[in-house]
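Quick notes on the structure that follows.
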Amino acid sequence: MHLLKLDHIAKVYYQGKVATGVLSGITYSFESGHSYAITGVSGTGKSTLMHILAGIDTPSEGEVLYDDKSLQLMNSQEKNNFLNKVVGLVFQEPYLIKELTVVENVMLKGLIIHQPYDEAYKRAVDLLSFVGLADKATHHPLSLSGGQQQRVAILRALFNRPQFLLADEPTGNLDIDNAASIVDLLEKGREWGMGLIISSHDPSVAKRMERQLVLKHGKLVEQ
Ligand SMILES: Nc1ncnc2c1ncn2[C@@H]1O[C@H](COP(=O)(O)OP(=O)(O)OP(=O)(O)O)[C@@H](O)[C@H]1O
Ligand SMILES: [Mg+2]
Numbered sequence: 004m005h006l007l008k009l010d011h012i013a014k015v016y017y018q019g020k021v022a023t024g025v026l027s028g029i030t031y032s033f034e035s036g037h038s039y040a041i042t043g044v045s046g047t048g049k050s051t052l053m054h055i056l057a058g059i060d061t062p063s064e065g066e067v068l069y070d071d072k073s074l075q076l077m078n079s080q081e082k083n084n085f086l087n088k089v090v091g092l093v094f095q096e097p098y099l100i101k102e103l104t105v106v107e108n109v110m111l112k113g114l115i116i117h118q119p120y121d122e123a124y125k126r127a128v129d130l131l132s133f134v135g136l137a138d139k140a141t142h143h144p145l146s147l148s149g150g151q152q153q154r155v156a157i158l159r160a161l162f163n164r165p166q167f168l169l170a171d172e173p174t175g176n177l178d179i180d181n182a183a184s185i186v187d188l189l190e191k192g193r194e195w196g197m198g199l200i201i202s203s204h205d206p207s208v209a210k211r212m213e214r215q216l217v218l219k220h221g222k223l224v225e226q
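Going by the numbering used here, the sequence shown opens with residue 4, and the numbers climb by one from there.
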């Protein structure tokens, strides 16, 4: 079992001299193999929190700990390992790389950690088959529908079998049927042993997770 812990996390944004406090004194431990929903109205800081958890934004105060090791104290090799193998992040928008094909987008993190190209390619195609998109492998990502792009973004995030799969409002732009199939796919990650953390303002998505957390006035509270 692995732990991803927020320890007294605060985040304040400054624009000139104007400070906006978004997160304040958040302490919570996420365990691999379990699923969590983070809900909260627009602008409460869900994306900010997800980016801090994924190690791509830094808190103003407090620490993120992976198995008791602070991200801030990791050397560059440990931090790369964290970013590429421990967490997989699905952004609020798919952010696929338009210069790469669909299959290259899926295998990207495999190439970053020097997996052999042919092996990574084969696995990426297998994953695309799993979500019914094998025939799109060599297409350009922007020729895909919104739901299809989000599926590709999820495959990219789970390609290196991270211990924690983080998805920031992954169904925000989708209709109900597409949203349900996106959650099915994310749930597969949990069946494969990953911790699953989804931010969403959709209660039907949230209630499918084992634990429900609400972000309100800078605090994260269990429901
Ligand atoms: N780079 C930034 N600089 C200044 N303020 C920011 C920045 N990023 C976010 N904010 C502010 O922080 C607050 C939280 O933003 P965030 O995007 O984390 O909210 P959210 O809960 O994800 O919202 P949504 O549900 O609309 O996606 C907002 O008030 C936003 O304006
Ligand atoms: Mg957001």
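The beta-carbon is built from N, C-alpha and C at its ideal position, and this holds for glycine as well.
What you are looking at is a predicted structure, and each value in this text was computed from that prediction instead of being measured.
Top-ranked residue by Cα proximity to residue i, from the options
i: Arg159; options: Thr30, Leu114, Thr174, Thr47; result: Leu114
i: Ala123; options: Phe133, Asn108, Asp180; result: Asn108
i: Ala13; options: Val21, Ile41, Thr42, Gly48; result: Gly48
i: Gln95; options: Ala137, Ile157, Leu216; result: Ile157
i: Leu92; options: Lys112, Ser79, Arg211; result: Lys112
i: His5; options: Thr23, His37, Val25; result: His37
i: Asp10; options: Lys139, Leu56, Val21; result: Leu56
i: Gly2; options: Gly24, Thr30, Phe162, Ser63; result: No statement about residue 2 is possible, as the shown extent of the chain runs from 4 to 226 and does not include it.
i: Lys219; options: Glu194, Leu52, Leu169; result: Leu52
i: Val128; options: Asn87, Val21, Thr104; result: Thr104
i: Gly28; options: Glu66, Tyr120, Val134, Leu99; result: Glu66
i: Ala170; options: Ile179, Asp178, Asp180, Arg193; result: Arg193
i: Ile185; options: Gly135, Lys222, Lys139, Arg164; result: Gly135
i: Glu102; options: Lys191, Leu68, His142; result: His142
i: Leu188; options: Ser63, Gln80, Ile179, Phe133; result: Phe133
i: Glu213; options: Asp205, Trp195, Gly221, Glu190; result: Glu190
i: Tyr31; options: Asp178, Leu177, Tyr69; result: Tyr69
i: Arg164; options: Val106, Ser79, Leu76, Asn84; result: Asn84
i: Asp180; options: Phe162, Leu76, Ser207; result: Ser207
i: Arg87; options: Asp121, Phe162, Pro62; result: At residue 87 the sequence reads Asn, which differs from the Arg that was named. Among Asp121, Phe162, Pro62, the Cα nearest to that of Asn87 is on Phe162.
i: Ser63; options: Lys72, Gln80, Ser79, Leu26; result: Leu26
i: Thr61; options: Arg211, Tyr16, Asp121, Met110; result: Tyr16
i: Leu147; options: Met110, Leu99, Arg211, Asp121; result: Leu99
Beta-carbon contacts of residue i that lie in its chain and below 7 Å, excluding the five residues immediately before and after
i: Phe167; result: Leu7, Phe33, Ser35, Val89, Val90, Met197, Gly198, Ile200
i: Ser203; result: Ala40, Thr42, Glu172, Thr174, Ala209
i: Val2; result: In the structure displayed, the chain extends from 4 to 226; residue 2 sits before or after that span and is not available.
i: Gln118; result: none
i: Val106; result: Tyr124, Ala127, Val128, Leu131, Ala140, Thr141
i: Met77; result: Phe85
Residues of its chain near residue i, where Cβ-Cβ distance is below 8 Å and the 5 sequence neighbours each way are ignored
i: Lys82; result: Gly58, Leu74
i: Pro97; result: Pro144, Gly149, Gln152, Gln153, Val155, Ala156
i: Ser50; result: Gln95, Asp171, Glu172, Ser202
i: Ala182; result: Thr174, Asp205, Ser207, Val208
Residues that residue i bridges to, as DSSP identifies them
i: Leu169; result: Leu92, Ile200
i: Ser32; result: Lys8
i: Leu120; result: Note that residue 120 is Tyr in the sequence shown here, rather than Leu. According to DSSP, which records beta bridges pairwise, Tyr120 is partnered with nothing at all.
i: Tyr98; result: DSSP lists no partner for Tyr98.
i: Ala13; result: Glu64
i: Lys222; result: Lys219
i: Thr42; result: Val217
i: Ser73; result: Leu68
i: Gly24; result: Val15
Contacting residues, own chain, Cβ-Cβ under 6 Å from residue i (five flanking each side not counted)
i: Gln215; result: Ala40, Ala209, Gln226
i: Leu131; result: Ala137, Ala140
i: Leu177; result: Gly150
i: His54; result: Asp60
Of all residues in the structure, which have a C-beta closer than 7 Å to any heavy atom of ligand 2, taken in chain order?
The filter returns Lys49, Ser50, Gln95, Asp171, Glu172, Ser202, in chain order.
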